Structure formats: structure tokens, C-alpha cells
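The listed protein sequences correspond, in order, to chains A and B.
Under the working numbering, residue 291 is the last one in the first sequence; the count climbs by one each step, no gaps.
Under the working numbering, residue 344 is the last one in the second sequence; the count climbs by one each step, no gaps.
One structure is given below, encoded as C-alpha cells.
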Amino acid sequence: MIVQIGGSAVRGLEAAGRFGRFLADTGRALPDVGTWGRLLIVQMRRVGVDSLPVVVFIAAFTGVVLALQASYTFTGTVPLYIVGTVVGKTMMLELGPVLSGLALAGRVGASVAAELGTMKVTEQVDALETLAYDPYSYLVIPRVLAGTLMVPLVVAVGVAVGIVTGWLASLGLLDLSTPEFVKGLQFLYRFKDTWYGLVKSASFGCTITLVGCVVGLNTRGGAEGVGRSTTQAVVYSAVLLLVLDAFWAMVLL
Amino acid sequence: MIRFADVYKGFGDKQVLTGFSLEIRDGETMVIIGYSGSGKSVAIKHIVGLLRPDEGEVYVDDRAISELDRAGLTEVRRDIGFVFQFAALFDSMTVFDNVALGLRRRDVPDDEIAARVSEALALVDLTGTDDRMPAELSGGMRKRVGIARAIALRPRYILYDEPTTGLDPVTSAIMDRLMVRTREHLGVTGVVVTHDMRSAYTVGDRIAMLYEGAIRQVGTVDEIRATDDPVVRQFIEGRPE
Chain A
39 MIVQIGGSAV
49 RGLEAAGRFG
59 RFLADTGRAL
69 PDVGTWGRLL
79 IVQMRRVGVD
89 SLPVVVFIAA
99 FTGVVLALQA
109 SYTFTGTVPL
119 YIVGTVVGKT
129 MMLELGPVLS
139 GLALAGRVGA
149 SVAAELGTMK
159 VTEQVDALET
169 LAYDPYSYLV
179 IPRVLAGTLM
189 VPLVVAVGVA
199 VGIVTGWLAS
209 LGLLDLSTPE
219 FVKGLQFLYR
229 FKDTWYGLVK
239 SASFGCTITL
249 VGCVVGLNTR
259 GGAEGVGRST
269 TQAVVYSAVL
279 LLVLDAFWAM
289 VLL
Chain B
104 MIRFADVYKG
114 FGDKQVLTGF
124 SLEIRDGETM
134 VIIGYSGSGK
144 SVAIKHIVGL
154 LRPDEGEVYV
164 DDRAISELDR
174 AGLTEVRRDI
184 GFVFQFAALF
194 DSMTVFDNVA
204 LGLRRRDVPD
214 DEIAARVSEA
224 LALVDLTGTD
234 DRMPAELSGG
244 MRKRVGIARA
254 IALRPRYILY
264 DEPTTGLDPV
274 TSAIMDRLMV
284 RTREHLGVTG
294 VVVTHDMRSA
304 YTVGDRIAML
314 YEGAIRQVGT
324 VDEIRATDDP
334 VVRQFIEGRP
344 E
């Protein structure tokens, strides 16, 4: 029992040490702008633009459901324009960033881990090094920066789409007019609602891509190892996103 | 000159190199032979700093590899081309981009990159394959692109990790011819890791046998052919016992 606990503690410390070293190596590679700068645009398109359809799809249906559930909950108790408040606040503060984040953990996190994992086991990462490239400049920084910059933008689009579909649902399915919905949106709105969701989304984007890179570059054992890394990246990202979600709520709200 | 000085390297409980010492002279092609899993690839990965020794040191032109920081290592790597066992081509890039990648890192002008890629592909008989993706190439062609990627850098040293493994006899012979041609054209120092004795005799100036973590014997091709060391004899003759 004691041996098992000790073994787990040692493995945990080793993993923390590896992660710390990974972060240090990534920071050291930051000045190599000449390498990562030209790769950043490609990654921004892959992480951001290519992720838009899935995020928009999720946000669109979430907006509709939020409007209907708010109406179901508040009818007969509070004025129905509160539907606009619920849709706006919930999309901006919570569901927009978190649902998009979880979807991107699957889409982007898995993709990064699988790509880098395959490069690792087929010695492409070693080949980069022998060609005098720093893998942290070439592979890690463009992906992590793209995630940090693009996920908030993608989430912002998703939030906007969710609000629009919530509004359309309110018009079509509920007894609510546009001025009432807009009144609800403005009611209790604070600018913090906007930046809170975007800051949270940036941290999600950074986490998803960073976890994908760490797990991918530590892949061992051929195709099976790549599969294992891909699963790990999604699971670790999803768990960390939920932890981060609680962290930001405690720190910023 | 490349020099291994009493190198020890292990992975977990398994000791792979146990006092590995070897000197590779400028201009020669040294072939390191040994059983599968004996640590040949591990040894040459120390030369470019992909692995660091647990004990001992590897010197490239008297620079101690394990003491170099990343900038120093990058400097050393500029003089070395590495041909990987399974080519390690970047599968999202065309043949041209694979060969050009190292040149771009060295800030070579675009027109010179085009000329050097073309020259390197011609040297490995792959002219006209610039736009093809690695997935469209055979195993032998991929290895030749790997050689082209290394020689396009005009390195002083080329390291070949199992260049003929997995190839048919004719393609293996073509690879051997390419390695000889590369040395004749570029005058590079070569280190070839292989267990293919026909290849070793064709491309090597000297042959060193790695056995149980250390060099068992090193000598010219003729000396190795005439060896009376029972372990080396068994290996070069391919006898089961």
C-alpha cells in the first residue's frame, strides 16, 4: 500500500517535472519568431476557421433550447423578456465557452495529439531536430498560440449564433417580440459578461492545444501509442477545461 | 572527426551501450555492424544529440555534444545529415519541400534552394518527383529522398541508419551505389549502421562490430573479412551457431 502510494507520488512528480520542462522549452523557443511566425497562420486556419462549423452547430441548437427552457421555467412567475437575459447571460458566461471548449477538445486536441504523436513515432520529430529546427518553435508554439488566439474568436461567433437562434426561437415558438427579447438581453448585462467568456475561452484554447502537444510529443509505441495519446489528449483536456471553468468562476466572478 | 569516448547508455533497466569507444576519421565511411537491438542506432543518435550519454562523451570536431546547449547543438547539426531507417519524410509535404526544409532553415535564397533540391534529387535518380507526396513513393524511393534531404545541406558528415533494411536486393544495391556516389561527389565522412554485410563490404572503408554494448572489433574491410574472432566471424557469415 505504502509502496503503491509512494510509486504514484513519484510518477506524479516526474510528470509534473516533465510538464515544467516542456513549458520551459516552449518559453525558450518563443524568440524564434522566424520559424513559428510563418506557421502560425496555417494553424490559425486549422484551429479556428475549420472549427467554426461544429461550434456554430452546437451553439445554434443550444440557443433554441435555452430559450424554450427559460420560457418553460419562468412562464407565469417573472416577465417573459427574462428569456433574453437567460439566453444572453448563459451563452456568454457558460455554455458558449464550455460547450465549444469540450467540442474543440475532441476536434482540435485529438487532431494535435494524433498528428504530433504520428510524427514522433515515425521519427519525423527527430528529423526536424537533425535539420536544425527546434520542435518547440516548429510544432508547439504555432499550435498553442493559434489555440489561444482563435478559440475566443470561434466562441464569440458561437455565442452570437446562439443568441440569434434563441431570439428566433423566442419569436417563432414563444409569445415574445423582438423588443422584449432585446430588453431581456440588455437587462443585467455587464461588459464583464463578454470579456469573462472570452478570457475563459482563451485559456481553454491554450489548454487544449498545449495538452495535445505534450501528449503527442510523448507518444511511444507505434499506432497503438498514437491511439492512446489521442484518447488521453481528449480526456485530459476535457477534465482540465471543467477545472478551469470552476477556477475562473471563483477568481473572476 | 567523430569520437565516442567510453559511452554508456541505458533505458530503464536495460543497458544498451557499455563503454562504447570508436573514432571515425575525416573522409572515411565507417560501417557499424551488429545484431538487431544491439544499440547501433542508439549509438549514432548520440552524434546529433538526439540522445545524451549517461556516462562518457561523444565529440564532433572536438566539440563535446552533451555539453552543448540548443544553439550549440544546432550549430553542430548544420554540419551533419541524418538518413533515417524509415526515411522519416514529412508526410504532409511534397518531395521538394521535404528536401528544401533544411535549406530554408539555413536562409538559403529561393533560387538556390530550387537548384540544390534539383541537384540532390538528380544525384539519387529521382528527378521529376518534386511534386509527389511521400505516400506516393515506394520504400526505396522514400529512402532515396531521405538521402537527397541530407545531401542537399552539403554536410561534412552523413549518418545512415539501416539504409538497406526492408529493401529488395536490387534496391539495396542501388542504395549502396548511392552512398558510394555521395561520398565520391561530396567527399563527406559517413557513418553507416547496418546488419547487411553485403552493403557493409560495398560502402565501408572500415567496419566496427558492436557487441554487448561495446566495440568487439574494428578494422578495414579486408581485416574484418579475415577475422578469426569467433563472434565477428559468426555474424559476418550469418551462422546460427
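Each residue gets a CB set at the ideal place from its N, CA and C atoms; glycine is no exception.
Computed from a predicted structure; not experimentally measured.
Ignoring anything shorter than 4 residues, give me the alpha helix (DSSP H) runs that lie fully in the region 171 to 230 of chain B, in order along the chain.
173 to 180, 198 to 208, 213 to 226
Residue 169 (chain A) touches chain B at which residues, Cβ-Cβ below 7 Å?
204, 205, 208
In its own chain, which residues sit with a C-beta less than 8 Å from the C-beta of residue 161 (chain B), not counting the 5 before and 5 after it?
105, 106, 107, 108, 110, 149, 150, 167, 168, 169
Can you tell me the Cα-Cα spacing of residue 112 (chain B) and residue 229 (chain A), whole angstroms?
59 Å
In chain A, what lies closer than 8 Å to residue 151 (chain B) by C-beta?
167, 168
CA-CA distance, residue 65 (chain A) and residue 249 (chain A)?
15 Å
For residue 191 (chain B), go through chain A and note every residue whose CB falls closer than 7 Å to its CB, in chain order.
160, 161, 162, 164, 165
Under 8 Å: do the region 93 to 106 of chain A and the region 204 to 224 of chain A share three or more Cβ pairs, one atom per stretch?
yes
Taking the Cβ atom as the reference point for each residue, do residue 257 (chain A) and residue 146 (chain A) lie within a distance shorter than 7 Å?
no
By DSSP's criteria, residue 224 (chain A) is part of a beta bridge. Which residues make up the other side?
Answer is none; residue 224 (chain A) lacks a bridge partner.
What separation, rounded to the nearest whole angstrom, lies between the Cα atoms of residue 232 (chain B) and residue 261 (chain A)?
Cα-Cα distance, rounded: 28 Å.
For residue 95 (chain A), count neighbouring Cβ atoms within 10 angstroms of its own Cβ and tell me buried if that reaches 16, exposed if not.
exposed
Counting only beta-carbon atoms, is residue 177 (chain B) nearer than 7 Å to chain A?
yes
Would you identify the three-state DSSP class for residue 264 (chain B), choosing helix, strand or coil?
Residue 264 (chain B) falls in the strand class under three-state DSSP.
Would the region 177 to 189 of chain A and the region 184 to 193 of chain B be scored as touching if the rule is three or more Cβ pairs under 8 Å?
By the Cβ criterion, the region 177 to 189 of chain A is not in contact with the region 184 to 193 of chain B, since fewer than three pairs of Cβ atoms, one from each stretch, lie closer than 8 Å.
Shorter than 7 Å from the beta carbon of residue 328 (chain B) to some beta carbon of chain A?
no
If you run the structure through DSSP and keep just helix, strand and coil, what is residue 312 (chain B)?
The three-state secondary structure of residue 312 (chain B), taken from DSSP, is strand.
Anyone know if the C-beta pair for residue 307 (chain B) and residue 324 (chain B) falls short of 7 Å?
yes
Buried or exposed, going by whether 16 or more other CB atoms sit within 10 Å of the CB of residue 146 (chain B)?
buried
Under 7 Å between beta-carbons, which chain B residues line up against residue 172 (chain A)? List them in chain order, please.
173
Would you verify that the beta carbon of residue 185 (chain B) is, or is not, closer than 7 Å to some beta carbon of chain A?
yes
Let me know if residue 154 (chain B) comes out buried or exposed under the rule of 16 or more other beta-carbons within 10 Å of its beta-carbon.
buried
Per DSSP, what are the beta-bridge partners of residue 174 (chain A) in this structure?
None, per the DSSP bridge assignment.
Please confirm if residue 247 (chain B) has its CB atom under 7 Å from at least one CB of chain A.
no
Please list the terminal residues of the continuous alpha helix (DSSP H) segment that includes residue 279 (chain B).
272 to 289
Given a threshold of 16 other Cβ atoms within 10 Å of its Cβ, counted over all protein chains shown, does residue 342 (chain A) qualify as buried or as exposed?
The question about residue 342 (chain A) has no answer, for chain A in this structure spans 39 to 291.
Buried or exposed for residue 111 (chain A), please, with buried defined as at least 16 other CB atoms from any protein chain shown within 10 angstroms of its CB.
exposed
Rounded to whole angstroms, what's the CA-CA distance from residue 223 (chain A) to residue 132 (chain A)? Just pull it up for me.
15 Å
Between which two residues does the alpha helix (DSSP H) holding residue 151 (chain B) run?
Taken as a continuous stretch (DSSP letters only), residue 151 (chain B) belongs to no alpha helix (DSSP H), as it is neither H nor E.
Would you call the region 153 to 170 of chain A and the region 108 to 126 of chain A touching, i.e. three or more CB-CB distances under 8 Å?
no
In terms of residues, what are the limits of the alpha helix (DSSP H) holding residue 119 (chain A)?
That residue, residue 119 (chain A), is in no alpha helix (DSSP H); it is neither H nor E in DSSP.
Determine the chain A residues that contact residue 180 (chain B) at a beta-carbon separation under 8 Å, and present them in chain order.
167, 168, 169, 170
Write down every uninterrupted run of the alpha helix (DSSP H) in the region 217 to 271 of chain A whose length is 4 residues or greater and which is fully enclosed by it, in chain order.
229 to 255
With H, G and I counted as helix, E and B as strand and the rest as coil, what does DSSP make of residue 137 (chain B)?
coil
So, helix, strand or coil for residue 138 (chain A), using DSSP?
In the displayed model, residue 138 (chain A) falls within a helix according to three-state DSSP.
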